[in-house]
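This report concerns only the one structure given below.
Residue numbers (the numbering used here): 1 to 159.
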């Protein structure tokens with residue numbers, strides 16, 4: 001019991017409250033600390049992003065053409081593409097009209113490729129394919145196949 005004339009009760013606090021910082025002091029220390037943490041986190045994020053950008057730039061530099069050697073290789077590949085095409089339509093038989101038969105030539109820049117023909121008759125249709133190397137074939141070419149091959153090589157259609 002405490003009353004007038006009695007001694008104050010002993011305090012259970014082991015720290016003298018006069019030694020603790022005030023709220024304003026805590027706030028004054030916390031703000032610079034928070035700013036420092038934000039700056040460190042921002043720096044880490046910036047370093048990671050710059051490393052990623054560096055990695056992507058390096059990858060892009062490795063994928064760009066190296067120069068004249070690559071262009072020469074691309075031109076050689078393009079020269080082997082079957083890109084010259086010509087078709088000649090005709091009537092294979094005198095009693096049939098409509099020019100339903102045809103011969104087509106498909107060759108590359110060197111004259112290598114194939115010629116194929118489809119001969120249409122009343123009751124049937126036959127298809128033939130012949131290889132072409134250097135602009136000529138081991139098999140005998142019909143006049144229509146020769147015309148298609150010449151048109152594919154020159155790029156000019158002949159009547």
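Glycine included, C-beta positions come from ideal geometry on N, C-alpha and C.
With distances taken Cα to Cα, identify the nearest neighbour of residue i among the options.
| i | options | result |
| --- | --- | --- |
| residue 118 | 108, 130, 103 and 107 | 103 |
| residue 90 | 78, 75 and 121 | 121 |
| residue 153 | 126, 31, 114 and 97 | 114 |
| residue 93 | 124, 74, 71 and 80 | 124 |
| residue 110 | 32, 26, 76 and 43 | 76 |
| residue 79 | 108, 60, 145 and 144 | 108 |
| residue 136 | 147, 62 and 126 | 147 |
| residue 99 | 58, 144, 81 and 28 | 144 |
Quick one: give me the first and last residue of the alpha helix (DSSP H) that residue i is part of.
| i | result |
| --- | --- |
| residue 153 | 143-154 |
| residue 79 | 68-79 |
Go through its chain and collect everything with a Cβ distance to residue i's Cβ below 6 Å, but skip five positions before and after it.
| i | result |
| --- | --- |
| residue 112 | 133 |
| residue 126 | 119 |
For the beta strand (DSSP E) containing residue i, name the first residue and the last one.
| i | result |
| --- | --- |
| residue 122 | Run containing residue 122: none; DSSP gives neither H nor E here. |
In its own chain, which residues sit with a C-beta less than 8 Å from the C-beta of residue i, not counting the 5 before and 5 after it?
| i | result |
| --- | --- |
| residue 141 | 115, 130 and 149 |
Excluding the 5 residues preceding and the 5 following residue i in the sequence, name in chain order all residues of the same chain whose CB lies nearer than 7 Å to its CB.
| i | result |
| --- | --- |
| residue 63 | none |
Return the chain-ordered ranges of every alpha helix (DSSP H) run that is complete within the region 79-120 and spans a minimum of 4 residues. none
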